[in-house]
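Report on the following structure.
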Amino acid sequence: MQQLAATSELDFHSDTYKDAYSRINAIVIEGEQEAHENYIRLAELLPEHKDDLIRLSKMESRHKKGFEACGRNLQVTPDMQFAREFFAELHQNFQHAAAEGQVTTCLLIQSLIIECFAIAAYNIYIPVADDFARKITEGVVKDEYSHLNFGEVWLKDHFKEVKDELEQANRQNLPIVWKMLNQVEEDARTLAMEKEALVEDFMIQYGEALSNIGFSPRDLMRLSAYGLTAA
(Lines of atoms letter the chains of each structure in order from A and count residues from 1; the text may use other names and numbers.)
(Lines give C-alpha, C1' and ligand atoms only; values in the text may rest on other atoms or scores of the structure.)
Protein backbone atom coordinates (compact mmCIF):
# COMPACT_ATOMS: atom_id res chain seq x y z
CA MET A 1 0.00 0.00 0.00
CA GLN A 2 2.80 2.37 0.90
CA GLN A 3 4.45 1.89 -2.50
CA LEU A 4 1.13 2.34 -4.31
CA ALA A 5 0.62 5.60 -2.43
CA ALA A 6 4.15 6.66 -3.35
CA THR A 7 3.45 5.93 -7.02
CA SER A 8 0.30 8.05 -7.05
CA GLU A 9 2.31 10.97 -5.69
CA LEU A 10 5.18 10.62 -8.18
CA ASP A 11 5.41 13.14 -11.00
CA PHE A 12 7.36 11.23 -13.66
CA HIS A 13 7.85 14.43 -15.64
CA SER A 14 9.08 16.73 -12.87
CA ASP A 15 12.62 18.10 -13.09
CA THR A 16 13.52 16.44 -9.77
CA TYR A 17 12.32 13.00 -10.89
CA LYS A 18 13.96 13.29 -14.32
CA ASP A 19 17.28 14.41 -12.81
CA ALA A 20 17.39 11.35 -10.53
CA TYR A 21 16.15 9.12 -13.34
CA SER A 22 19.01 10.26 -15.59
CA ARG A 23 21.44 8.49 -13.23
CA ILE A 24 19.31 5.46 -12.31
CA ASN A 25 18.42 4.83 -15.96
CA ALA A 26 22.11 5.15 -16.92
CA ILE A 27 23.03 2.60 -14.24
CA VAL A 28 20.65 -0.04 -15.60
CA ILE A 29 21.77 0.64 -19.18
CA GLU A 30 25.44 0.36 -18.21
CA GLY A 31 24.71 -2.68 -16.04
CA GLU A 32 23.20 -4.49 -19.00
CA GLN A 33 26.13 -3.44 -21.22
CA GLU A 34 28.63 -4.70 -18.62
CA ALA A 35 26.72 -7.99 -18.43
CA HIS A 36 26.69 -8.30 -22.24
CA GLU A 37 30.47 -7.87 -22.39
CA ASN A 38 31.08 -10.09 -19.34
CA TYR A 39 29.14 -13.03 -20.79
CA ILE A 40 31.10 -12.76 -24.05
CA ARG A 41 34.32 -12.87 -22.00
CA LEU A 42 33.02 -15.86 -20.02
CA ALA A 43 32.24 -17.63 -23.30
CA GLU A 44 35.97 -17.39 -24.09
CA LEU A 45 36.87 -18.76 -20.64
CA LEU A 46 34.27 -21.55 -20.77
CA PRO A 47 34.22 -22.64 -24.43
CA GLU A 48 32.17 -25.75 -23.57
CA HIS A 49 29.32 -23.37 -22.55
CA LYS A 50 29.89 -20.88 -25.36
CA ASP A 51 26.42 -21.17 -26.94
CA ASP A 52 24.61 -20.65 -23.63
CA LEU A 53 26.81 -17.70 -22.66
CA ILE A 54 26.51 -15.98 -26.03
CA ARG A 55 22.72 -16.39 -25.77
CA LEU A 56 22.81 -14.71 -22.35
CA SER A 57 24.96 -11.88 -23.71
CA LYS A 58 22.42 -11.24 -26.49
CA MET A 59 19.60 -11.12 -23.96
CA GLU A 60 21.51 -8.49 -21.98
CA SER A 61 21.93 -6.43 -25.14
CA ARG A 62 18.16 -6.54 -25.71
CA HIS A 63 17.58 -5.45 -22.11
CA LYS A 64 19.87 -2.47 -22.66
CA LYS A 65 17.79 -1.35 -25.65
CA GLY A 66 14.62 -1.70 -23.57
CA PHE A 67 15.99 0.54 -20.82
CA GLU A 68 17.23 3.06 -23.38
CA ALA A 69 13.63 3.23 -24.61
CA CYS A 70 12.46 3.86 -21.01
CA GLY A 71 14.68 6.93 -20.87
CA ARG A 72 13.45 8.21 -24.23
CA ASN A 73 9.86 7.71 -23.10
CA LEU A 74 10.42 10.19 -20.24
CA GLN A 75 12.61 12.42 -22.45
CA VAL A 76 15.60 11.83 -20.17
CA THR A 77 19.22 11.66 -21.30
CA PRO A 78 21.03 9.02 -19.24
CA ASP A 79 24.20 10.16 -17.45
CA MET A 80 26.45 7.43 -18.82
CA GLN A 81 29.65 8.94 -17.39
CA PHE A 82 28.18 8.61 -13.90
CA ALA A 83 27.15 5.01 -14.63
CA ARG A 84 30.58 3.97 -15.90
CA GLU A 85 32.17 5.37 -12.73
CA PHE A 86 29.46 3.63 -10.66
CA PHE A 87 30.46 0.21 -12.06
CA ALA A 88 34.20 0.95 -12.27
CA GLU A 89 35.34 -1.18 -9.30
CA LEU A 90 33.33 -4.27 -10.24
CA HIS A 91 34.36 -3.80 -13.88
CA GLN A 92 38.04 -3.61 -12.94
CA ASN A 93 37.80 -6.66 -10.67
CA PHE A 94 36.07 -8.71 -13.36
CA GLN A 95 38.66 -7.73 -15.99
CA HIS A 96 41.53 -8.59 -13.66
CA ALA A 97 39.99 -11.96 -12.78
CA ALA A 98 39.33 -12.75 -16.46
CA ALA A 99 42.94 -11.91 -17.35
CA GLU A 100 44.07 -14.33 -14.61
CA GLY A 101 41.67 -17.03 -15.83
CA GLN A 102 39.73 -16.92 -12.54
CA VAL A 103 36.40 -18.19 -13.85
CA THR A 104 34.97 -18.57 -10.33
CA THR A 105 35.58 -14.92 -9.46
CA CYS A 106 34.15 -13.80 -12.81
CA LEU A 107 31.00 -15.85 -12.23
CA LEU A 108 30.60 -14.52 -8.68
CA ILE A 109 30.84 -10.92 -9.92
CA GLN A 110 28.58 -11.31 -12.96
CA SER A 111 26.24 -14.23 -12.33
CA LEU A 112 25.75 -13.63 -8.61
CA ILE A 113 26.54 -10.06 -7.53
CA ILE A 114 25.49 -8.12 -10.65
CA GLU A 115 22.47 -10.34 -11.39
CA CYS A 116 21.25 -10.27 -7.76
CA PHE A 117 21.81 -6.50 -7.65
CA ALA A 118 19.77 -6.13 -10.86
CA ILE A 119 16.97 -8.44 -9.69
CA ALA A 120 16.70 -6.58 -6.37
CA ALA A 121 16.62 -3.18 -8.08
CA TYR A 122 14.03 -4.29 -10.64
CA ASN A 123 11.82 -5.95 -7.98
CA ILE A 124 11.75 -2.75 -5.92
CA TYR A 125 11.34 -0.50 -9.00
CA ILE A 126 8.45 -2.32 -10.73
CA PRO A 127 5.71 -1.26 -8.25
CA VAL A 128 6.72 2.43 -8.52
CA ALA A 129 7.64 2.61 -12.23
CA ASP A 130 5.77 4.48 -14.93
CA ASP A 131 3.55 2.21 -17.06
CA PHE A 132 5.98 1.97 -19.98
CA ALA A 133 9.01 1.17 -17.81
CA ARG A 134 7.02 -1.32 -15.72
CA LYS A 135 6.23 -3.46 -18.76
CA ILE A 136 9.86 -3.40 -19.92
CA THR A 137 11.24 -4.18 -16.46
CA GLU A 138 8.81 -7.04 -15.79
CA GLY A 139 10.06 -8.75 -18.96
CA VAL A 140 13.70 -8.16 -18.06
CA VAL A 141 13.53 -9.50 -14.50
CA LYS A 142 12.23 -12.88 -15.71
CA ASP A 143 15.33 -13.23 -17.90
CA GLU A 144 17.70 -12.24 -15.09
CA TYR A 145 16.70 -15.28 -13.02
CA SER A 146 17.91 -17.54 -15.84
CA HIS A 147 21.24 -15.68 -15.92
CA LEU A 148 21.62 -16.11 -12.17
CA ASN A 149 20.80 -19.80 -12.61
CA PHE A 150 23.71 -20.37 -15.03
CA GLY A 151 26.25 -19.19 -12.45
CA GLU A 152 24.57 -21.12 -9.66
CA VAL A 153 24.59 -24.40 -11.61
CA TRP A 154 28.23 -24.11 -12.73
CA LEU A 155 29.47 -23.13 -9.27
CA LYS A 156 27.42 -25.87 -7.59
CA ASP A 157 28.86 -28.47 -9.98
CA HIS A 158 32.41 -27.34 -9.07
CA PHE A 159 31.75 -26.32 -5.46
CA LYS A 160 34.49 -28.28 -3.71
CA GLU A 161 37.29 -26.98 -5.90
CA VAL A 162 36.02 -23.37 -6.12
CA LYS A 163 34.82 -22.77 -2.53
CA ASP A 164 37.99 -21.00 -1.35
CA GLU A 165 38.09 -18.73 -4.40
CA LEU A 166 34.37 -17.95 -3.98
CA GLU A 167 34.96 -16.87 -0.39
CA GLN A 168 37.89 -14.67 -1.42
CA ALA A 169 35.88 -13.14 -4.29
CA ASN A 170 32.96 -12.50 -1.95
CA ARG A 171 35.27 -10.80 0.57
CA GLN A 172 36.68 -8.58 -2.17
CA ASN A 173 33.48 -7.67 -4.03
CA LEU A 174 30.52 -7.70 -1.64
CA PRO A 175 31.58 -4.47 0.16
CA ILE A 176 31.51 -2.74 -3.24
CA VAL A 177 27.76 -3.41 -3.46
CA TRP A 178 27.12 -1.38 -0.30
CA LYS A 179 29.19 1.51 -1.60
CA MET A 180 27.14 1.39 -4.80
CA LEU A 181 23.85 1.39 -2.88
CA ASN A 182 24.97 4.28 -0.69
CA GLN A 183 25.95 6.23 -3.79
CA VAL A 184 22.43 6.10 -5.27
CA GLU A 185 20.40 6.24 -2.05
CA GLU A 186 19.10 9.78 -2.69
CA ASP A 187 18.27 9.21 -6.35
CA ALA A 188 16.58 5.88 -5.58
CA ARG A 189 14.45 7.55 -2.88
CA THR A 190 13.34 10.18 -5.39
CA LEU A 191 12.03 7.29 -7.50
CA ALA A 192 10.25 5.91 -4.36
CA MET A 193 12.80 3.09 -3.97
CA GLU A 194 14.01 2.79 -0.37
CA LYS A 195 17.60 1.69 0.25
CA GLU A 196 16.52 -0.67 3.06
CA ALA A 197 14.21 -2.52 0.66
CA LEU A 198 17.00 -2.77 -1.94
CA VAL A 199 19.43 -4.13 0.66
CA GLU A 200 16.90 -6.66 1.93
CA ASP A 201 15.97 -7.93 -1.54
CA PHE A 202 19.62 -8.15 -2.60
CA MET A 203 20.58 -10.13 0.52
CA ILE A 204 17.66 -12.53 -0.03
CA GLN A 205 18.61 -13.13 -3.68
CA TYR A 206 22.35 -13.38 -2.96
CA GLY A 207 21.90 -15.59 0.09
CA GLU A 208 19.62 -17.99 -1.79
CA ALA A 209 22.15 -18.21 -4.63
CA LEU A 210 25.03 -19.00 -2.24
CA SER A 211 22.86 -21.56 -0.46
CA ASN A 212 21.94 -23.23 -3.76
CA ILE A 213 25.65 -23.48 -4.63
CA GLY A 214 26.43 -25.35 -1.41
CA PHE A 215 27.22 -22.92 1.42
CA SER A 216 25.77 -23.75 4.85
CA PRO A 217 23.60 -21.32 6.88
CA ARG A 218 26.63 -20.64 9.11
CA ASP A 219 28.73 -19.89 6.00
CA LEU A 220 26.05 -17.49 4.74
CA MET A 221 26.12 -15.44 7.93
CA ARG A 222 29.90 -15.16 7.73
CA LEU A 223 29.92 -14.35 4.01
CA SER A 224 27.16 -11.72 4.37
CA ALA A 225 29.04 -9.96 7.17
CA TYR A 226 31.74 -8.81 4.73
CA GLY A 227 29.23 -6.51 3.11
CA LEU A 228 27.73 -5.14 6.29
CA THR A 229 31.03 -3.67 7.43
CA ALA A 230 30.83 -1.24 4.51
CA ALA A 231 27.09 -0.50 4.80
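According to the working numbering, the residues represented by the sequence shown are 12 to 242, in order.
Note that the Cβ used here is the ideal one computed from N, Cα and C, for glycine as well.
Here the structure is a predicted model, which means the values were calculated and not measured.
The alpha-carbon of His24 is positioned some 29 Å away from that of Glu211. In the three-state reduction of the DSSP assignment, Ser122 falls in the helix class.
In this chain, the alpha helix (DSSP H) harbouring Ile224 covers Lys206 to Ile224.
Each residue's CA atom was taken as its position, placing Glu79 and Ala144 some 10 Å apart. Runs of alpha helix (DSSP H) with 4 or more residues, each lying fully within the stretch 42–130, are found at 61–84, 91–97, 99–110 and 114–118, listed in chain order. Distance between Lys69 and Ser222, taken at the CA atoms: about 28 Å. Shown here, Ser33 sits in a helix according to DSSP, grouped into three states. In this structure, Ala94 sits near Glu41, with a CB-CB distance shorter than 7 Å. Scanning its chain for C-beta atoms nearer than 7 Å, with the 5 sequence neighbours on each side dropped, one finds around Phe128 the residues Val188 and Phe213, in chain order. Closest by C-alpha distance to Glu205, out of Glu178, Asn134, Gly218 and Glu59, is Asn134.
Ala144 carries a helical assignment under DSSP once its states are collapsed to helix, strand and coil.
Between Trp165 and the set Thr148, Lys76 and Thr115, the nearest pair of CA atoms involves Thr115. Its chain contains Glu43, Ala46 and His47 as the residues whose beta carbon lies nearer than 6 Å to that of Glu71, once the 5 sequence neighbours on both sides are disregarded; these appear in chain order.
In the three-state scheme derived from DSSP, where H, G and I count as helix and E and B as strand, Phe23 is classed as coil. At least 7 Å separates the beta-carbon of Ala31 from that of Leu192. Judged by their CB atoms, Asn104 and Asn49 are not nearer to each other than the 7 Å cut-off. In the three-state reduction of the DSSP assignment, Val39 falls in the helix class, which pools H, G and I.
By the neighbour-count definition (other C-beta atoms within 10 Å, threshold 16), His74 is a buried residue.
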